[in-house]
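Here you go:
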């Protein structure tokens with residue numbers, strides 16, 4: 176009966192390093208979303224998955240960002256060559272049914288990324 | 011792209027007051043979400059609505075699809091209601107968010 180979990184909860188890295196953020200959605204949820212919340216900014220949509228497929232990657236801020244989902248479950252968001260502007264809280268959410276804003280989304284606790 | 015505007019950005023009120031937070035959006039949608047985020051805490055979905063009104067405890071959410079406007083009301087506000095309230099509209103992919111309303115309820 177666990178909710179959405181994310182790991183790590185906090186990540187401090189040096190500029191230029193790669194980081195991987197993980198999301199475990201609620202079991203059985205077919206849709207998974209990644210969002211970003213920068214300090215003083217609102218929430219920003221990054222990418223969504225329907226099953227293992229991500230139809231639209233245009234929300235990713237740059238080509239340093241990539242995401243994958245395997246087995247219709249766990250998803251990984253990878254940021255290569257991190258920059259200071261990547262510092263933010265990265266949130267994952269999942270929902271049942273078809274992806275989109277039409278179903279209630281359940282949010283994970285987020286990963287706070289700090290790039291020094 | 012949908013533009014989501016919330017007002018007010020900040021609101022401080024006394025315990026017991028009736029609270030209203032407003033949300034307007036620019037493009038017709040199928041669903042609107044109200045979310046709550048406590049300081050240092052995660053995000054909790056309060057309501058998802060596509061028409062009319064929903065009530066949960068002291069919280070009431072209304073939406074007017076024609077006017078592209080929604081309101082979140084809190085009756086008999088309490089200090090534990092202090093949080094950021096975020097309006098989000100559903101689209102073909104994920105959600106588009108307002109900037110949030112920072113609510114403080116003083117005892």
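Protein chains in written order, with the numbering used here: chain U, 176 to 291; chain L, 11 to 117. All residues carry an ideal CB built from backbone N, CA and C; glycine is no exception.
List the DSSP bridge partners of residue i.
i	result
residue 281(U)	269(U)
residue 290(U)	188(U)
residue 66(L)	69(L)
residue 43(L)	58(L) and 98(L)
residue 264(U)	212(U) and 287(U)
residue 53(L)	47(L)
residue 206(U)	225(U) and 270(U)
What first and last residue would you give for the beta strand (DSSP E) that runs through residue i?
i	result
residue 177(U)	Careful: residue 177(U) lies outside any beta strand (DSSP E) and carries neither H nor E.
residue 218(U)	218 to 225
residue 239(U)	It is not in any beta strand (DSSP E) - residue 239(U) carries neither H nor E in the DSSP assignment.
residue 253(U)	250 to 254
residue 112(L)	111 to 116
residue 199(U)	194 to 199
residue 30(L)	29 to 35
residue 106(L)	105 to 107
residue 22(L)	20 to 24
residue 16(L)	14 to 17
Is residue i near the ligand MN, in the sense that its beta carbon is under 7 angstroms from a heavy atom of that ligand?
i	result
residue 45(L)	For the structure depicted, the ligand MN is absent and the ligand set is empty, with no information on it obtainable.
Run through chain U and tell me which residues come within less than 9 angstroms of residue i, C-beta to C-beta.
i	result
residue 96(L)	217 and 218
Can you list the residues of chain L that residue i reaches, using a CB-CB cut of under 9 angstroms?
i	result
residue 189(U)	Under the 9 angstroms cutoff, chain L gives no residues; its nearest Cβ is about 25 angstroms from residue 189(U).
residue 266(U)	52 and 53
Name the chain U residues that come within less than 8 angstroms of residue i, Cβ to Cβ?
i	result
residue 36(L)	The contacting residues do not exist; residue 36(L) stays about 15 angstroms from chain U at best.
residue 55(L)	279, 280, 281 and 282
In chain U, which residues lie less than 7 angstroms from residue i when you measure between Cβ atoms?
i	result
residue 109(L)	217
Quick one: list the residues of chain L neighbouring residue i, beta-carbon separation under 7 angstroms, in chain order.
i	result
residue 208(U)	104
residue 285(U)	52
* Would the region 41 to 53 of chain L and the region 250 to 262 of chain U be scored as touching if the rule is three or more Cβ pairs under 8 angstroms? -> Put simply, the region 41 to 53 of chain L does not touch the region 250 to 262 of chain U. Fewer than three CB pairs are less than 8 angstroms apart.
* Answer yes if the region 11 to 24 of chain L comes into contact with the region 233 to 245 of chain U, meaning at least three C-beta pairs across the two stretches below 8 angstroms, and no otherwise. => no
* Would you mind listing the beta strand (DSSP E) stretches within the region 77 to 102 of chain L that are 3+ residues and don't spill past its ends, in chain order? => Counting whole runs of 3 or more residues, the region 77 to 102 of chain L contains the beta strand (DSSP E) stretches 79 to 84 and 93 to 100.
* Cβ contact (3+ pairs, closer than 8 angstroms) linking the region 19 to 33 of chain L and the region 190 to 207 of chain U -> no
* Asked: With a cut-off of 8 angstroms, do at least 3 Cβ pairs link the region 201 to 210 of chain U to the region 85 to 95 of chain L?
  -> Verdict: no, contact absent.
* Any contact of the region 273 to 290 of chain U with the region 72 to 86 of chain L, i.e. 3+ C-beta pairs under 8 angstroms? -> No, the region 273 to 290 of chain U is not in contact with the region 72 to 86 of chain L.
* Determine contact between the region 54 to 73 of chain L and the region 31 to 44 of chain L, defined as no fewer than three beta-carbon pairs at a distance below 8 angstroms. => yes
* Counting Cβ pairs closer than 8 angstroms, one from the region 177 to 186 of chain U and one from the region 279 to 286 of chain U, do we hit at least three? -> yes
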